[in-house]
Amino acid sequence: MMHKFYMKFVLDRPAKPNDSGEFELEDLEIHFSEDSQRFIHNAEIRIAVCHRFIKLCSSMSPKLEAELSKMPYRDFLDTDYWAYLRDYVVMSRGMRCEACHHNVGLLRDSLELHHISYDHRGSEWRHMEDLKVLCRVCHAQEYR
Ligand SMILES: [Zn+2]
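Be aware that the sequence shown starts at 7, since it is given in my numbering, and climbs by one per residue.
Structure (structure tokens):
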């Protein structure tokens, strides 16, 4: 089956499972914010992040989501699922802390993904409203 992907700035539209329990990805739209383009000058990196995210979405299944949701949290944070989702969410939201709005140009080290809710652990990729991009300082304050 062919999937269409658009690289433009649009809102996340979470995929929902169909009647047979599979995810329909035709409507998945990939986007960058203007800031991402400013902070990641290398277009190949931006495309690589999107490609990994698309591959991740294509590989997701209700069974895999269930496994992820039951995994010890430490192990969960080490999964490719979390790494690829994280890079995509951070990039699509403009590479900035959503609390203090500090811009950080580095992809992996300085910005973290905070769970506003753990209700959809393992299926965050279609519940991105559960996630917030925070710098380390703001993330630490969330748990104080
Ligand atoms: Zn911050």
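Glycine included, each C-beta is placed from N, C-alpha and C at the ideal position.
Same chain, Cβ closer than 6 Å to residue i, five either side skipped, listed in chain order
{"i": "Glu71", "result": "Gly128, Ser129"}
{"i": "Arg92", "result": "Leu119"}
{"i": "Ser75", "result": "Arg127, Gly128"}
{"i": "Asp125", "result": "none"}
{"i": "Arg58", "result": "Tyr90"}
Rounded distance between the beta-carbons of residue j and residue i, thought under 8 Å
{"i": "Met134", "j": "Val95", "result": "6 Å"}
{"i": "Leu62", "j": "Tyr90", "result": "5 Å"}
{"i": "Leu137", "j": "His121", "result": "7 Å"}
{"i": "Cys144", "j": "Cys106", "result": "6 Å"}
Neighbour-count burial assignment, residue i, 16 or more Cβ in a 10 Å radius
{"i": "Ser98", "result": "buried"}
{"i": "Tyr87", "result": "buried"}
{"i": "Arg142", "result": "exposed"}
{"i": "Arg52", "result": "buried"}
{"i": "Leu17", "result": "Only weak support exists for where Leu17 lies, its pLDDT of 33 falling under 50; the coordinates are left without a value."}
Sequence-distant residues of the same chain with beta carbon closer than 7 Å to residue i, five excluded per side
{"i": "Ser123", "result": "Asp136"}
{"i": "Tyr79", "result": "none"}
Proximal residues to residue i (C-beta, below 8 Å), its chain only, five neighbours per side dropped
{"i": "Thr85", "result": "Leu74, Met77"}
Checklist entry - Which parts of the stretch 68–112 are runs of the alpha helix (DSSP H), unbroken and 4 residues or longer, counting only runs that do not cross its ends? => result 68–76, 79–83, 86–98
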